[in-house]
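Numbering (our numbering), first residue to last: 11 to 183.
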């Protein structure tokens, strides 16, 4: 069973049925919700933390913040939950890079594939800057991996050309 926000429960409890049911008294609903909060059974901070934990694997801060606002949470609770989300090890860039590596373990070869992955990340609520950095890091890690497979070459080693036995092309022709 998942947590619920106060606004979400209020919406559910005050909803009238289309079958001719009577609308509940809003004062009674508010009293019940106050009692639930007093007993610690309804806690918006706990709800926000729960939602952030469930969504942070797949979505960016913008999307999670929007979902928290849709559940009727105030800006203080939303910003507190998002601050906890953007802890050093769980920031948007790390999550976007994880999603990219999971979806495309190989280098993004074609421009169309890169655009497709960028649209996917944008749909998941990542900002343009985070997407750009994640794409750059994803490509860099693959280039580094390719360099690890290359033969060891010393860039400071002098290269001496070996003379050819073939004569130069005749310029008179």
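By construction, the Cβ of each residue, glycine as well, lies at the ideal position given by its N, Cα and C atoms.
{"Item": "Would residue 83 and residue 59 qualify as a contact pair, given that the criterion is a beta-carbon distance under 7 angstroms?", "Value": "no"}
{"Item": "What would DSSP say about residue 78, mapped onto helix, strand or coil?", "Value": "helix"}
{"Item": "Excluding the 5 residues flanking residue 25 on each side, which residues of the same chain have their C-beta closer than 8 angstroms to its C-beta?", "Value": "none"}
{"Item": "Leaving out five residues on either side along the sequence, give the residues of the same chain with a beta carbon under 7 angstroms from the beta carbon of residue 157.", "Value": "Any answer about residue 157 is weak, because its pLDDT of 42 lies below 50 and its placement is not dependable; what the coordinates show is given next. Hits under 7 angstroms: none found."}
{"Item": "Quick check on the DSSP output: the alpha helix (DSSP H) that includes residue 130 runs from which residue to which?", "Value": "121 to 133"}
{"Item": "Helix, strand or coil: how does DSSP classify residue 32 here?", "Value": "coil"}
{"Item": "Tell me which residues share the same chain as residue 106 and place their Cβ nearer than 6 angstroms to its Cβ, disregarding the 5 neighbours each side in the sequence.", "Value": "131, 136, 140 and 144"}
{"Item": "Within 10 angstroms of its Cβ, does residue 120 collect 16 or more other Cβ (buried), or is it exposed?", "Value": "exposed"}
{"Item": "DSSP on residue 11, reduced to helix/strand/coil?", "Value": "coil"}
{"Item": "Residues in its own chain within less than 6 angstroms of residue 81 by CB, not counting five upstream and five downstream?", "Value": "15 and 18"}
{"Item": "Considering only their Cβ atoms, is the gap separating residue 66 from residue 95 smaller than 7 angstroms?", "Value": "yes"}
{"Item": "Which whole-angstrom value describes the C-beta separation of residue 57 and residue 85, a residue pair presumed to lie in contact below a C-beta threshold of 8 angstroms?", "Value": "Residue 57 to residue 85, Cβ: 15 angstroms. No contact."}
{"Item": "Grab me the residues of residue 69's own chain with a C-beta within less than 7 angstroms of its C-beta, minus the 5 sequence neighbours each way, in chain order.", "Value": "134 and 135"}
{"Item": "With a threshold of 7 angstroms on Cβ separation, who are the neighbours of residue 159 within its own chain once the five nearest residues in sequence on each side are excluded?", "Value": "With a pLDDT of only 45 at residue 159, under 50, the local geometry of the prediction cannot be trusted, and the value read off the model is given with reservation. Counting only Cβ-Cβ distances below 7 angstroms, and skipping sequence neighbours, we find nothing."}
{"Item": "Which value, in whole angstroms, describes the spacing of the CA atoms of residue 22 and residue 113?", "Value": "37 angstroms"}
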